[in-house]
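A.B. asks:
2 protein chains.
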Amino acid sequence: MKNFTYYNPTRIEFGRGKEKNIGKYISEFGISNVLIVYGSDRIRKNGLFDTVAQSLAENGIRFETLGGVKSNPILSKVYEGVEIAKAKNIEAVLAIGGGSVLDSSKSIAAGALYEGDVWDFFIGKTVPTKALRIFDIMTLAATGSEMNNFAVVTNDKTKQKFSLAGPATFPTVSVINPELQATVTNEYLAYSAADIFAHSLDLYFSATYFPEYIAGYVENILKTVIRTTEILLHNPTDYEARGEFAWAATQALNGSTFCGVEGNRYDTHFIEHTLSAEYDIPHGAGLSIIVPAWMMWQKSQFSERLERFAKNVFNVQGVDNGILALKQWYQKIGTPTTLIEGNIPEKDIPTLVEKLFGISRMTGAESVYTEEMIRTILEYAK
Amino acid sequence: MKNFTYYNPTRIEFGRGKEKNIGKYISEFGISNVLIVYGSDRIRKNGLFDTVAQSLAENGIRFETLGGVKSNPILSKVYEGVEIAKAKNIEAVLAIGGGSVLDSSKSIAAGALYEGDVWDFFIGKTVPTKALRIFDIMTLAATGSEMNNFAVVTNDKTKQKFSLAGPATFPTVSVINPELQATVTNEYLAYSAADIFAHSLDLYFSATYFPEYIAGYVENILKTVIRTTEILLHNPTDYEARGEFAWAATQALNGSTFCGVEGNRYDTHFIEHTLSAEYDIPHGAGLSIIVPAWMMWQKSQFSERLERFAKNVFNVQGVDNGILALKQWYQKIGTPTTLIEGNIPEKDIPTLVEKLFGISRMTGAESVYTEEMIRTILEYAK
Numbered sequence: 440m441k442n443f444t445y446y447n448p449t450r451i452e453f454g455r456g457k458e459k460n461i462g463k464y465i466s467e468f469g470i471s472n473v474l475i476v477y478g479s480d481r482i483r484k485n486g487l488f489d490t491v492a493q494s495l496a497e498n499g500i501r502f503e504t505l506g507g508v509k510s511n512p513i514l515s516k517v518y519e520g521v522e523i524a525k526a527k528n529i530e531a532v533l534a535i536g537g538g539s540v541l542d543s544s545k546s547i548a549a550g551a552l553y554e555g556d557v558w559d560f561f562i563g564k565t566v567p568t569k570a571l572r573i574f575d576i577m578t579l580a581a582t583g584s585e586m587n588n589f590a591v592v593t594n595d596k597t598k599q600k601f602s603l604a605g606p607a608t609f610p611t612v613s614v615i616n617p618e619l620q621a622t623v624t625n626e627y628l629a630y631s632a633a634d635i636f637a638h639s640l641d642l643y644f645s646a647t648y649f650p651e652y653i654a655g656y657v658e659n660i661l662k663t664v665i666r667t668t669e670i671l672l673h674n675p676t677d678y679e680a681r682g683e684f685a686w687a688a689t690q691a692l693n694g695s696t697f698c699g700v701e702g703n704r705y706d707t708h709f710i711e712h713t714l715s716a717e718y719d720i721p722h723g724a725g726l727s728i729i730v731p732a733w734m735m736w737q738k739s740q741f742s743e744r745l746e747r748f749a750k751n752v753f754n755v756q757g758v759d760n761g762i763l764a765l766k767q768w769y770q771k772i773g774t775p776t777t778l779i780e781g782n783i784p785e786k787d788i789p790t791l792v793e794k795l796f797g798i799s800r801m802t803g804a805e806s807v808y809t810e811e812m813i814r815t816i817l818e819y820a821k
Numbered sequence: 440m441k442n443f444t445y446y447n448p449t450r451i452e453f454g455r456g457k458e459k460n461i462g463k464y465i466s467e468f469g470i471s472n473v474l475i476v477y478g479s480d481r482i483r484k485n486g487l488f489d490t491v492a493q494s495l496a497e498n499g500i501r502f503e504t505l506g507g508v509k510s511n512p513i514l515s516k517v518y519e520g521v522e523i524a525k526a527k528n529i530e531a532v533l534a535i536g537g538g539s540v541l542d543s544s545k546s547i548a549a550g551a552l553y554e555g556d557v558w559d560f561f562i563g564k565t566v567p568t569k570a571l572r573i574f575d576i577m578t579l580a581a582t583g584s585e586m587n588n589f590a591v592v593t594n595d596k597t598k599q600k601f602s603l604a605g606p607a608t609f610p611t612v613s614v615i616n617p618e619l620q621a622t623v624t625n626e627y628l629a630y631s632a633a634d635i636f637a638h639s640l641d642l643y644f645s646a647t648y649f650p651e652y653i654a655g656y657v658e659n660i661l662k663t664v665i666r667t668t669e670i671l672l673h674n675p676t677d678y679e680a681r682g683e684f685a686w687a688a689t690q691a692l693n694g695s696t697f698c699g700v701e702g703n704r705y706d707t708h709f710i711e712h713t714l715s716a717e718y719d720i721p722h723g724a725g726l727s728i729i730v731p732a733w734m735m736w737q738k739s740q741f742s743e744r745l746e747r748f749a750k751n752v753f754n755v756q757g758v759d760n761g762i763l764a765l766k767q768w769y770q771k772i773g774t775p776t777t778l779i780e781g782n783i784p785e786k787d788i789p790t791l792v793e794k795l796f797g798i799s800r801m802t803g804a805e806s807v808y809t810e811e812m813i814r815t816i817l818e819y820a821k
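Heads up: the sequence lines are chains A and B, in that order.
Residue numbering for the first sequence follows the numbering used here, starting at 440 and increasing by one per position.
Residue numbering for the second sequence follows the numbering used here, starting at 440 and increasing by one per position.
The following block contains the structure:
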């Protein structure tokens with residue numbers, strides 16, 4: 440294993456009814472004024488908002504609200520939150536929603552204690568070393584944001600989808616109640632599964648050094664996602680499957696899969712972020728289009744690892760059968776596997792190549808994300 | 440998955456040369472006076488002590504020392520440490536050694552900020568809610584103590600081997616450099632492997648609810664231990680195997696294997712603690728004697744899980760073959776599998792049953808750890 444530092448101070452409160460204790464969890468840290476960030480009005484209608492408001496009231500915690508966060512969250516919403524946080528002396532941000540809401544909340548929490556423009560964190564000008572405390576109640580499992588310090592936000596002016604991460608942006612307490620995640624549509628469940636797969640495969644098929652322990656660890660996550668997704672597509676209220684799906688999603692991006700690994704990149708995420716920023720398709724859908732194409736592009740380089748993946752995850756033999764099995768599984772659960780299925784016209788490929796290679800150059804990654812690589816992958820994705 | 444809380448704030452610094460930064464890690468917390476706790480003089484001779492002393496000096500940290508901690512660490516040594524800590528205004532404890540040294544250090548750290556007798560924590564009179572900060576450099580992988588808040592200590596007067604755990608006894612920073620663990624003898628490597636197996640199997644074969652995700656997670660730990668132990672017995676300096684072994688050991692008892700699990704007990708540890716306290720045999724050796732016997736005792740209750748274990752861990756079919764494969768593996772790596780091999784006379788069984796059932800009654804566990812259960816397992820272990 441290569442040298443690494445592992446540190447993850449987020450406390451997970453997992454299970455039925457845990458959201459009812461959110462006021463208690465927050466008050467443990469002496470906080471009495473929070474900003475609740477959420478997406479659609481669904482949580483107002485289904486009672487979750489009231490449950491939270493009551494728990495906060497019982498613990499003497501005041502709150503402001505900021506609703507309307509959309510998937511592929513945007514910077515202008517973050518600015519709005521930062522403004523409220525600064526104006527109202529907010530002490531912590533409470534996210535109620537999925538990864539987009541939490542990523543917005545992390546950004547708000549960091550921006551609230553920063554003098555400059557919060558976008559500075561995303562363009563690498565500086566790192567968030569302080570932030571308001573972050574709490575969350577997850578209504579969707581996918582991004583793993585509940586147990587890491589990453590936040591991905593799209594600049595709605597420049598269409599750039601970038602990320603921040605710093606020592607201060609780990610959530611303090613994350614509530615994961617699988618029951619609250621049972622109303623997600625089958626479509627979004629499939630996108631979530633594709634998202635978890637992409638995190639894991641980005642790592643599995645890019646690391647230049649990849650310990651066997653970690654390979655087995657990641658395969659167990661993937662097998663859990665396959666098994667539980669198939670159960671949930673037929674029975675969305677299966678609590679056990681929902682719980683294991685949620686926990687696998689958390690583990691897939693809480694840092695544990697990176698321990699001792701070297702040279703891993705985020706190839707599929709790099710390409711997908713531009714797809715979803717340009718075409719406003721769900722992140723997971725963009726990923727299931729890109730992942731098999733990317734695996735085709737690099738199959739000769741990782742043939743041994745691909746064979747292992749094929750056998751251990753899909754129980755098939757050989758590199759090509761492994762990629763095919765993955766593609767068929769995406770089709771089975773209902774996520775797109777071609778640009779056309781994702782409503783991205785083939786004729787846009789040259790423009791996309793140009794845009795992506797532009798970002799590649801801008802971030803100094805042009806030797807890794809070459810024009811040829813980008814074009815080949817997009818061609819495979821036709 | 441059943442409801443759970445997961446919280447583990449320990450920072451891991453893993454890899455080559457990390458011990459050279461120990462002064463920096465400690466000074467990050469504003470600490471300038473530590474107590475170094477260690478076992479034999481080996482670390483004085485091999486240069487590790489000097490490396491640490493130099494790093495502390497470079498960071499303006501003074502230190503006292505307490506050497507001579509033995510495996511199956513004893514309470515009188517803890518008392519000694521508590522006395523030094525109180526007399527010398529120690530701010531943190533730095534353990535250099537294996538689980539025994541770290542467990543002693545945790546106990547000293549808790550005792551130093553407690554008015555009463557530190558043994559109170561072990562007999563359940565109270566819980567350590569505050570403790571000096573704990574740092575460690577692990578020279579042996581096995582107990583997982585470097586990433587949990589448990590400490591097991593034997594009261595040398597009463598021969599009771601009990602444990603403490605509290606919110607304050609997580610190490611702040613743990614240094615795991617596989618190179619420092621390369622000098623362990625093959626004998627002790629095998630005991631360590633047996634220890635990791637026992638933690639994992641105690642859980643695997645006692646949980647009344649055991650999520651498949653966790654089953655796969657634990658199997659990956661066990662397969663890693665099997666693979667790397669076999670490499671290390673032939674080539675003790677294989678850095679990659681040593682690293683994966685160490686990391687698997689940490690993961691096996693850092694709380695992650697308990698997430699969502701219900702009803703798990705510590706059957707084999709319960710029995711073994713008395714064996715090692717009475718006969719002063721290594722903990723791992725005691726465990727490899729008890730585990731297969733305990734699996735025999737309860738095989739009808741967990742037949743399905745035993746079949747899964749047999750297939751996924753040892754690639755054999757059926758309950759009995761699974762237990763046999765485990766026993767043969769213990770023999771292969773050189774840990775005892777019978778009382779006689781552990782130099783525990785058969786004629787002592789009645790006395791042992793009496794002692795163990797006494798503890799069982801004292802701790803209110805007589806309905807679980809019945810006299811018959813204890814006798815049957817010890818008989819199987821003949």
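Glycine is no exception: its CB is placed at the ideal position from the N, C-alpha and C atoms.
(1) My understanding is that Ile451 (chain B) touches Thr444 (chain A), with C-beta atoms under 8 Å, so please give their C-beta distance in whole angstroms.
(2) Taking the straight line between their C-alpha atoms, what separation do you get for Ala654 (chain B) and Glu519 (chain A)?
(3) Can you name the residues of chain B whose CB is closer than 8 Å to the CB of Lys464 (chain A)?
(4) Measuring only the C-alpha atoms, how far is Trp768 (chain B) from Ser727 (chain B)?
(5) Spell out a yes or no on whether the segment 747-760 of chain A and the segment 795-812 of chain A are touching, meaning 3 or more CB-CB pairs, one atom from each, closer than 8 Å.
(6) What's the C-alpha gap between Thr565 (chain A) and Gly583 (chain A)?
(7) Is there a Cβ of chain B sitting closer than 8 Å to that of Arg747 (chain A), yes or no?
(8) Closer than 9 Å between beta carbons: that is the criterion. Which residues of the segment 445-464 of chain A meet it against chain B?
(9) Helix or strand or just coil, what does DSSP make of Asn460 (chain B)?
(10) Between B:Leu791, B:Lys459, B:Asn588, B:Thr790, which lies nearest to Asn447 (chain B) when the distance is taken from Cα to Cα?
(11) Leaving out five residues before and five after Ala534 (chain B) in sequence, what residues of the same chain have Cβ atoms less than 6 Å from its Cβ?
(12) According to DSSP, Phe601 (chain B) sits in a beta bridge with which residue or residues?
(13) Please go through the same chain and pick out, in chain order, the residues whose beta-carbon is closer than 7 Å to the beta-carbon of Leu571 (chain B), but skip the five residues on each side of it.
(14) Is the shortest distance between the beta-carbon of Trp768 (chain A) and the beta-carbons of chain B less than 8 Å?
(15) Is there at least one Cβ from chain A nearer than 8 Å to Asn442 (chain B)'s Cβ?
(16) Among all the DSSP beta bridges, which residues are the ones paired with Ser613 (chain B)?
(17) Thinking just about the alpha-carbon of each residue, which of A:Leu603, A:Met586, A:Thr568 is nearest to the one in Trp558 (chain A)?
(18) Using a Cβ cut-off of 8 Å, pull out every chain B residue sitting near Glu651 (chain A), in sequence order please.
(19) Given that Ala646 (chain A) touches chain B, what residues does it touch there, using C-beta distances under 7 Å?
(20) Does Glu618 (chain B) come within less than 8 Å of chain A when only Cβ atoms are used?
(21) Comparing alpha-carbon positions, which option in A:Val657, A:Thr676, A:Thr815, A:Asp595 lies nearest Gly694 (chain A)?
(22) Would you kindly work out how many angstroms separate the C-alpha atoms of Ser479 (chain B) and Lys457 (chain B), rounded to a whole number?
(23) For Thr490 (chain B), which of B:Gly506, B:Ile461, B:Ser515 has the nearest alpha-carbon?
(24) Give me the chain E residues within the contact set of Asn498 (chain B), using Cβ-Cβ distance strictly less than 8 Å, ordered along the chain.
(25) If you reduce the DSSP assignment to three classes, tell me which class Phe741 (chain B) lands in.
(26) On a Cα-Cα basis, can you pick out the residue from A:Val521, A:Leu791, A:Ala581, A:Val592 that is closest to Ala632 (chain A)?
(27) Mind listing the chain B neighbours of Gly702 (chain A)? Cutoff is C-beta to C-beta under 9 Å, in chain order.
(28) Determine contact between the segment 813-821 of chain A and the segment 721-735 of chain A, defined as no fewer than three beta-carbon pairs at a distance below 8 Å.
(29) Name the chain B residues whose beta carbon is nearer than 8 Å to that of Glu679 (chain A)?
(30) If you count every other CB in all the chains shown that lies within 10 Å of the CB of Ser739 (chain B), and 16 or more means buried, which is it?
(31) When the distance is taken between beta carbons, is Tyr652 (chain B) closer than 8 Å to Thr689 (chain A)?
(32) In angstroms, rounded to a whole number, what distance separates the CA positions of Leu831 (chain B) and Pro784 (chain B)?
(33) Could you pull the start and end residues of the alpha helix (DSSP H) that Glu503 (chain A) belongs to?
(34) Are any of the Cβ atoms in chain B nearer than 8 Å to that of Ala687 (chain A)?
(35) Under 8 Å, do Ala724 (chain A) and Pro775 (chain A) count as touching if we go by C-beta distance?
(36) If you measure between the beta carbons of Gly699 (chain A) and Pro650 (chain A), is that distance less than 8 Å?
C.D. replies: Looking at the atomic coordinates:
(1) 7 Å
(2) 45 Å
(3) Going by the sequence as given, residue 464 (chain A) is Tyr instead of Lys. None at all; the shortest Cβ gap to chain B is about 10 Å.
(4) 10 Å
(5) no
(6) 24 Å
(7) no
(8) Tyr445, Tyr446, Asn447, Pro448, Thr449, Arg450, Ile451, Glu452, Phe453, Gly454, Arg455, Gly456, Lys457
(9) helix
(10) B:Asn588
(11) Val476, Val540, Leu541, Ser544, Asp575
(12) B:Val592
(13) Ala524, Ile529, Glu530, Ala531, Val532, Ala548, Ala551, Leu552
(14) no
(15) yes
(16) B:Ile451, B:Asp575
(17) A:Leu603
(18) Thr663, Arg666, Glu683
(19) Chain B residues near Ala646 (chain A): none, gap ~14 Å exceeds 7 Å.
(20) no
(21) A:Val657
(22) 22 Å
(23) B:Ile461
(24) As a matter of chain content, chain E is missing from the structure shown, whose protein chains are A and B.
(25) coil
(26) A:Ala581
(27) Going along chain B, no residue has its Cβ under 9 Å from Gly702 (chain A), so there is no contact; the nearest lies around 15 Å.
(28) yes
(29) Met440, Pro650
(30) exposed
(31) no
(32) Because chain B is modelled from 440 through 821, residue 831 (chain B) falls outside the range shown and cannot be assessed.
(33) No alpha helix (DSSP H) holds Glu503 (chain A); the beta strand (DSSP E) holding it covers 501-505.
(34) yes
(35) yes
(36) yes
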